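Presented below is the structure to which this report refers.
Number of protein chains: 2
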Amino acid sequence: MPVIVQEWGTGEVLMLAYTDEEAWEKTLQTGEAHFYSRSRGTIWHKGGTSGHVQRIREIRLDCDQDAILFMVDLVGGAACHKGYRSCFFTRLRDGKPEVFAETVFDPKEVYSK
Amino acid sequence: MPVIVQEWGTGEVLMLAYTDEEAWEKTLQTGEAHFYSRSRGTIWHKGGTSGHVQRIREIRLDCDQDAILFMVDLVGGAACHKGYRSCFFTRLRDGKPEVFAETVFDPKEVYSK
Chain A
112 MPVIVQEWGT GEVLMLAYTD EEAWEKTLQT GEAHFYSRSR GTIWHKGGTS
162 GHVQRIREIR LDCDQDAILF MVDLVGGAAC HKGYRSCFFT RLRDGKPEVF
212 AETVFDPKEV YSK
Chain B
112 MPVIVQEWGT GEVLMLAYTD EEAWEKTLQT GEAHFYSRSR GTIWHKGGTS
162 GHVQRIREIR LDCDQDAILF MVDLVGGAAC HKGYRSCFFT RLRDGKPEVF
212 AETVFDPKEV YSK
């Protein structure tokens, strides 16, 4: 089941991830976003490595019960493993992708610790 | 490919839908959101029946190139076929789903025309 993550305070859309029953339960129990990694086939505590956890403020469900919206406080100011605040740091301009955001941390430094 | 639709002016997350190559091209050509319906297996012009089209203001791509964000102006003030502004009109309260939004149109009236 896809999960949209939106920052509570700013409304910025941060990322799209996926949940399963276990990730869902862990999110509810801990109050911090957990996801299911489709590529690794495992549960993943967002921010577990980087410290950039996502504290749940509100959870919303869509009309068809096939999408979820996590509204979160973003600890550390970044949701993207590439160092950006949001994973959506690229926009289309005249049909071409253009990076418009700036990194807030250096992934090499954070993930090599 | 999943598409998050967010209202340009308010930042409200409106819906999650899907695109394919044809829906993507039609969206770029017309400047109005088109989606791929996984259940019907067809392309779908959002608002084609209700008049509640979504005019594209900006398109963003995520870091893994596997999710898209449409930032739109919402003609008619509603994105949800159930008559709500956003498809995310239900929130969890103490673990239970609760509708917190109000409808802005009557689906029976709009879709029977």
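Respectively, the protein sequence lines represent chains A and B.
Everything in the first sequence is counted per the working numbering, starting at 112 for the first residue and increasing by one.
Everything in the second sequence is counted per the working numbering, starting at 112 for the first residue and increasing by one.
Glycine included, every Cβ here is placed at the ideal spot set by N, Cα and C.
This structure is a prediction, so every number in the text was calculated from the model and none was measured.
query                                                                                                                         : result
Minimum length 4: unbroken alpha helix (DSSP H) runs contained in the stretch 137-224 of chain B                              : 218-223
N-terminal and C-terminal residue of the beta strand (DSSP E) that glutamate 118 of chain A is part of                        : 113-118
With 16 other Cβ atoms within 10 Å as the buried cut-off, status of glutamine 140 of chain B                                  : exposed
Proximity of arginine 196 of chain B and valine 215 of chain B at Cβ, strictly below 7 Å                                      : yes
Residues from the stretch 183-211 of chain A in contact with chain B, defined by Cβ distance under 8 Å                        : Cys191, His192, Lys193, Tyr195, Cys198, Phe199, Phe200, Thr201, Arg202, Leu203, Gly206, Pro208
Rounded straight-line distance, which links the Cα of proline 218 of chain A to that of tryptophan 119 of chain A             : 24 Å
C-alpha gap between proline 208 of chain B and phenylalanine 181 of chain A, whole angstroms                                  : 14 Å
Contact set between the stretch 116-130 of chain B and chain A, restricted to residues whose Cβ is under 8 Å from the partner : Gln117, Thr121, Gly122, Glu123, Val124, Met126, Leu127
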